[in-house]
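Each residue of the sequence shown is one higher than the last, beginning at 1 in the numbering used here.
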Amino acid sequence: MPATPDDLFALLDRLGIAHQTASHAPLFTVEESRRLRGKIPGGHTKNLFLRDKRGRVFLLCALEDAAIDLKGVHHRLGAGRFSFGSAALMRDLIGIEPGAVTPFALMNDTAGRVAVVLDAPMMRQENLNFHPLVNTMTTTISRDGLVKFLEATGHPPQILGVSSAEPAGPAAEPR
């Protein structure tokens with residue numbers, strides 16, 4: 001049975017990772033997120049659930065405005081060409097629905113099948129925002145807390161500049 005947001009919050013608490021969550025209407029796209037999220041501080045993100053031609057699965061996390069060239073980034077990761085992972089694969093491996101993709105879902109990947117890549121410009125943000133397994137909430141966590149969480153779930157992240165250009169404006173600056 002996939003973890004629930006309450007399971008996630010309990011794990012974050014057990015790990016001593018500070019977090020804050022805001023509820024909102026369901027969000028499916030970055031554009032909807034911009035309109036409905038309100039005044040949640042920190043770096044807002046997008047998370048890409050990808051599968052390469054060799055069958056390996058990756059979760060790529062970046063700032064919401066980051067430009068990522070999926071036709072080229074696979075070379076930087078030593079992977080085959082990428083395509084988006086199917087909804088069925090997403091449900092099977094990380095236990096969430098499309099529209100709620102988040103690194104927090106890696107707590108459901110007990111087999112360690114998903115490799116996680118964190119875009120370096122995103123990791124310059126002090127605080128980051130992700131869905132907590134559902135798209136009706138946003139959870140803020142520190143970048144160090146994110147790394148601690150990922151390591152605790154058996155998913156040590158690779159931090160690598162994968163966006164082709166850093167976003168303009170204050171989102172690219174550390175807070």
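Just so it is clear, CB atoms sit at the ideal spot from N, CA and C, and this is done for glycine as well.
Can you tell me which of the options puts its alpha carbon nearest to the alpha carbon of residue i?
i	options	result
residue 52	67, 163, 31, 77	77
residue 160	43, 140, 115	115
residue 158	91, 62, 1, 14	62
residue 25	89, 87, 131, 142	131
residue 49	7, 11, 126, 95	95
residue 117	93, 146, 140	146
Cβ atoms of residue j and residue i: under 8 angstroms apart, would you say?
i	j	result
residue 105	residue 150	no
residue 22	residue 138	yes
residue 44	residue 64	yes
residue 59	residue 2	no
residue 153	residue 123	no
residue 8	residue 148	no
Taking its Cβ as the centre, do 16 or more other Cβ atoms sit within 10 Å of residue i, making it buried, or is it exposed?
i	result
residue 4	exposed
residue 156	exposed
residue 163	buried
residue 19	buried
residue 39	exposed
residue 166	Confidence is the limiting factor: at residue 166 the pLDDT is only 47, short of 50, which leaves the residue's position unreliable and the question unanswerable from this model.
residue 46	buried
residue 143	buried
residue 119	buried
residue 87	exposed
residue 10	exposed
residue 69	exposed
residue 13	exposed
If I'm right that residue i touches residue j with Cβ under 8 angstroms, what's the distance once you round it to whole angstroms?
i	j	result
residue 42	residue 135	Contact doesn't hold; Cβ gap of about 17 angstroms is too wide.
residue 57	residue 113	6 angstroms
residue 84	residue 74	Not a contact, Cβ separation roughly 13 angstroms.
residue 66	residue 121	7 angstroms
residue 177	residue 54	Because the chain is modelled from 1 through 175, residue 177 falls outside the range shown and cannot be assessed.
Could you check whether the Cβ of residue i sits closer than 8 angstroms to any Cβ belonging to chain B?
i	result
residue 140	This model lacks chain B altogether; it includes just one protein chain.
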